[in-house]
Each structure stands twice: as structure tokens, then as C-alpha cells.
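Numbering (my numbering), first residue to last: 8 to 81.
Built from N, CA and C at the ideal position, the CB exists for glycine as well.
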Amino acid sequence: SNSLAQLTKTEGEVFTIVEESAEPKGGMEEFYRHLATVITYPTEARQKGIEGRVFVEFIVNTNGSISDVVVIKG
């Protein structure tokens, strides 16, 4: 019989359906604090009051580390 894990895994052991959501090390609050320190807001955009959103895709590994970060839109 196929387990839920076998039915939902894709290549490279990346799961699309999980029983527990993965979180980065330190939780989401720590993740957002980290983003605030590493994101560079373009000076020209800041001066002109331009705002926007950036959409990224990434994998949270079993140890809580993040990999395969890809900017999808922004």
C-alpha cells in the first residue's frame, strides 16, 4: 500500500502535501527579521516613493534551513 508520504513526494524528496508545515529555524518571526536585514530597497525607488511586492519560492529543509530560493515576481 502507498503511504501519504509516498503519494505526495516529488523528485528530490520535496513534499507538496504535509501533515505539519515546515518552518525555518527560529520560526517565521525570526525569518521575517532576517529578511528585513538582508533585503536592499533600491535608493531610487525609496526616493520616488515606489513600493511593490516581491514573490519568492523556496524550500524549507528538514533541519529548518532554506534552500533553492527563486524570485518568481517582483
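I think residue i touches residue j, with their Cβ atoms under 8 Å apart; what is that distance to the nearest whole Å?
i	j	result
valine 67	isoleucine 79	That pair is no contact at about 16 Å.
lysine 32	glycine 59	That belief does not hold up - the Cβ atoms of lysine 32 and glycine 59 are roughly 28 Å apart, past 8 Å.
Looking at the structure shown, is residue i part of a helix, part of a strand, or coil, going by DSSP?
i	result
glutamate 36	helix
valine 61	coil
For the alpha helix (DSSP H) that residue i lies in, which residues bound it at each end?
i	result
glutamate 51	50 to 54
I'd like to check one pair, residue j with residue i: are the Cβ atoms closer than 8 Å?
i	j	result
valine 61	glycine 34	no
Starting from residue i, follow the beta strand (DSSP E) in both directions and report where the run begins and ends.
i	result
valine 77	73 to 80
For residue i, which of the options has the nearest alpha-carbon?
i	options	result
phenylalanine 65	Val77, Ile57, Lys55 and Gly56	Val77
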